[in-house]
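Under the UniProt record's numbering, the first residue of the sequence shown is numbered 1, with each subsequent residue one higher. Report on the following structure.
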Amino acid sequence: MTGRIPIESVSPVVDCGRAPAKAVVGEWVTVSATVYREGHDALGCAVVWRSPAGLKQPFTRMTETEPGTDRWAAPIRPDLMGRWSYCIEAWSDPYRTWRHAVVAKLDAGQGVEDLANDLADGAEVLVRAIRLVPKPDRPQVTEAVLALRDATADLAHRVAPALALERLLWRYPVRDLVSRSSSQAIWVDRPRAAFGSWYEFFPRSESGHATVEGRPEHGSFKTAAERLPAIADMGFDIVYLPPIHPIGVVNRKGANNALVAGPDDPGVPWAIGSAEGGHDAVHPQLGSLDDFDAFVARTRELGMEVALDLALQCAPDHPWVREHPEWFTQRADGSIAYAENPPKKYQDIYPLNFDRDPKGLRAEILRVVTHWIDHGVKVFRVDNPHTKPVNFWQWLIEQVHADHPDVLFLAEAFTRPAMMKGLAKAGFTQSYTYFTWRTSKAELTEFGTDLVRSADFMRPNLWPNTPDILHESLQYGGPPMFTIRAVLAATLSPSWGVYSGFELFEHVARAPRSEEYLDSEKYQLRPRDWAAAAASGHTLAPLITRLNAVRRANPALQQLRDLTFHHVDNDAVLCFSKRDAASGNTVLVVCSLDPHNVQWGNTALELPALGVGWSDRFAVRDELTGAEYDWGQFNAVRLDPYEQPAHLLTVHPHG
């Protein structure tokens, strides 16, 4: 507490200001604080905020959120990318103090003799106000001063002009005892940082042919580009590619993680580097760097962008191993240590050691990232960032953002909560989450509630599946579970994604209790017959297309902070809503968690969270079927896993 007037519990603040809060261009950010003072004099509060260039923004007055709580708030809306700053100023407001007292005395019937000092005090305050208001308004204030000092006029005429200045002096207040909070930071990204739909696929599996001479044919950027229109038609915004670099030959893994690769096994894309190049090179079978540029350009033509995997690890034959052995951990026998997560061994990967030559290694990684930015990549999905120093990521992201504030980083860190949140605070734009393993009503409610609590600094990206993770719910839940998980991922979070094959209900695991796909695409080519799936109707693509269309049409689904869970008297049914305060758009989701049985439930909705009164009736439209219903607080729902396991409802108040 440093000022004359206490300013406490400022929000948004992350780790006492050690990390910036997050927002996107055009997003309304609510700044709040607890502000109070002794006595009964009126207080004023405002947000004083500055752009990344240091330009002071218009004065933004705060109001009490609930009178009597001393909690003040105001929305601000940054309009540029970069690091914004704000502080809160509080002051004693002599005009509002004077006005309150005069109105109370007039209501009590006091006369001009009783208000003599008040009239003089008011005139003095307004004299100070003259220089604060815009020039066109100054005559109005001057006339109010003259009226207060006019002893020939009756009391009502003397005070009326001054009382009428309330709105003007709210915008241009007289301020005494001005106190300031410490400055806080907000990092502002482009809108895609907060809202988007991701699609992951392996270009090498997209050859256009299922097999050639009995075996799959390796795809290229040119053949993979033929898949892009279908991805765009499903409404995806970002096409995420696993590593596109040369793959190591030494210790290459074979199909289903076999220790010895066959002559036709393509290797694991995350085992990066060979005699053909390293992290700044393109796998020759995918094409040239020019072919990659053409792929990026085609993606943009279709309204999407490319996300590239940033995997900071090396195959044993990566050029760095030969040129910079100091970047790796040496074992007692002189060999380089390969990656291990006992009892798992990754003989085809050498981890980098960030403590042996941090300056040299940092410079090289920054060069690599900048290289791909120069080739049109503005989104990086970072592989296993929790296995590298957090301060390295903070440094790298700050260095990149200094010249490229529009670059986004997604942290693929399925790890301990403290590390996941620490990476977000260090600067990662988005984060993978535990969504894949949260399947029960209690787990999902706790999970969603924690996401909201962390929304100032951590943006979730929900994935029902990845090349590494085939959850048992998808293995045994059949097509209904794929629908359920897609609906939940697409509506709980503003950002979600699927790994190619999800829409084809791929669900066969390598072994019981394994989360590894059988014939995993990490180790081999996996061509898919998209045309046959579309012709047979055995595809989730129409639902995914509809989900992404609904997401784009409803601002409520493009934000996270206003997420409310509602009661349903069945633990197999989850109900939640989202509401966009600016537009009033409200979405209500009722979703079964049971892929096998019909479930019934009765809702007890928190109606104010939907923007309606406790006794109101309102219309809801199911955006998945087009059906419309008349609802209130209590409603019965029936969810059939094969016909309709979820309602995705937009709320339309009557009148």
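All C-beta atoms, glycine included, are put in the ideal place defined by N, C-alpha and C.
Among the options, nearest to residue i - alpha-carbon criterion
{"i": "Arg300", "options": "Val239, Gly287, Asp176", "result": "Val239"}
{"i": "Ser220", "options": "Leu259, Gly214, Asp291", "result": "Asp291"}
{"i": "Asp70", "options": "Ala337, Ala123, Arg37", "result": "Arg37"}
{"i": "Leu352", "options": "Lys378, His318, Phe380", "result": "His318"}
{"i": "Val651", "options": "Ala337, Tyr199, Asn554", "result": "Asn554"}
{"i": "Pro216", "options": "Asp640, His647, Asp529", "result": "Asp529"}
{"i": "Val637", "options": "Asn548, Met62, Thr603", "result": "Thr603"}
{"i": "Leu462", "options": "Ala442, Gly477, Leu492, Gly478", "result": "Leu492"}
{"i": "Leu169", "options": "Ala144, Ala442, Leu574", "result": "Ala144"}
Strand pairing of residue i, partner residues [DSSP]
{"i": "Trp49", "result": "Tyr86"}
{"i": "Gln330", "result": "Ile336"}
{"i": "Glu64", "result": "Trp72"}
{"i": "Val13", "result": "Paired residue(s): none; Val13 is not in a bridge."}
{"i": "residue 657", "result": "The chain is shown from 1 up to 655; residue 657 falls before or after that span and cannot be answered."}
{"i": "Ile373", "result": "Note: Ile373 sits in no beta bridge, so no partner."}
{"i": "Thr30", "result": "Pro75"}
{"i": "Lys388", "result": "None; Lys388 has no bridge partner."}
{"i": "Ser431", "result": "Ala411, Pro460"}
{"i": "Pro351", "result": "Gln313"}
{"i": "Glu8", "result": "Thr34"}
{"i": "Thr650", "result": "Val587, Arg621"}
{"i": "Asn602", "result": "Ala636"}
{"i": "Gly44", "result": "Trp91"}
{"i": "Ser469", "result": "It is worth fixing the name first, because residue 469 is Ile in this sequence and not Ser. BP columns for Ile469 point to Thr466."}
Rounded straight-line distance, which links the Cα of residue j to that of residue i
{"i": "Ala120", "j": "Val159", "result": "11 Å"}
{"i": "Ala421", "j": "Met458", "result": "Per the sequence presented here, residue 421 reads as Lys, with Ala not at that position. Lys421 and Met458: Cα-Cα distance of roughly 7 Å."}
{"i": "Ala532", "j": "Pro203", "result": "19 Å"}
{"i": "Thr34", "j": "Asp569", "result": "38 Å"}
{"i": "Ala413", "j": "Ala582", "result": "33 Å"}
{"i": "Pro653", "j": "Leu302", "result": "37 Å"}
{"i": "Thr415", "j": "Gln430", "result": "15 Å"}
{"i": "Ser514", "j": "Asp383", "result": "21 Å"}
{"i": "Ile244", "j": "Leu525", "result": "14 Å"}
{"i": "Tyr172", "j": "Leu132", "result": "6 Å"}
{"i": "Val25", "j": "Pro191", "result": "6 Å"}
{"i": "Leu165", "j": "Arg298", "result": "59 Å"}
{"i": "Pro316", "j": "Thr60", "result": "58 Å"}
{"i": "Arg227", "j": "Ala411", "result": "26 Å"}
{"i": "Gln140", "j": "Glu305", "result": "56 Å"}
{"i": "Ala224", "j": "His375", "result": "18 Å"}
{"i": "Arg175", "j": "Pro645", "result": "58 Å"}
{"i": "Trp270", "j": "Pro389", "result": "19 Å"}
{"i": "Gly611", "j": "Ser454", "result": "24 Å"}
{"i": "Glu200", "j": "Glu64", "result": "46 Å"}
{"i": "Ala104", "j": "Thr439", "result": "59 Å"}
{"i": "Glu113", "j": "Ala42", "result": "24 Å"}
{"i": "Leu588", "j": "Leu563", "result": "10 Å"}
{"i": "Val590", "j": "Leu639", "result": "9 Å"}
{"i": "Tyr642", "j": "Ser495", "result": "26 Å"}
{"i": "Ile5", "j": "Ala156", "result": "34 Å"}
{"i": "Ala255", "j": "Lys522", "result": "9 Å"}
{"i": "Ala486", "j": "Trp28", "result": "28 Å"}
Cβ pair residue i, residue j closer than 7 Å
{"i": "Gly632", "j": "Arg617", "result": "yes"}
{"i": "Pro608", "j": "Met481", "result": "no"}
{"i": "Pro52", "j": "Arg83", "result": "yes"}
{"i": "Gln475", "j": "Ala511", "result": "no"}
{"i": "Thr436", "j": "His386", "result": "no"}
{"i": "Trp91", "j": "Leu177", "result": "yes"}
{"i": "Glu323", "j": "Asp357", "result": "no"}
{"i": "Gly196", "j": "Asn548", "result": "no"}
{"i": "Pro246", "j": "Gly277", "result": "yes"}
Within-7 Å CB hit, residue i to chain C
{"i": "Glu623", "result": "Among the chains in the structure shown there is no chain C, since it carries only a single protein chain."}
Discussion item. Quick check on the DSSP output: what are the complete beta strand (DSSP E) runs of length 3 or more inside the region 480 to 544, in order along the chain?
Written reply: 495 to 499
Fill in: Continuous beta strand (DSSP E) assignments of at least 3 residues falling wholly in the region 228 to 309
238 to 241
Worksheet item: Could you give the uninterrupted runs of the beta strand (DSSP E) lying entirely in the region 177 to 201, keeping only those of 3 residues or more?
Response: 184 to 189, 196 to 200
Discussion item. Quick check for students: name the residue ranges of the alpha helix (DSSP H) that lie wholly in the region 105 to 147, counting only runs of 4 or more.
Written reply: 116 to 130
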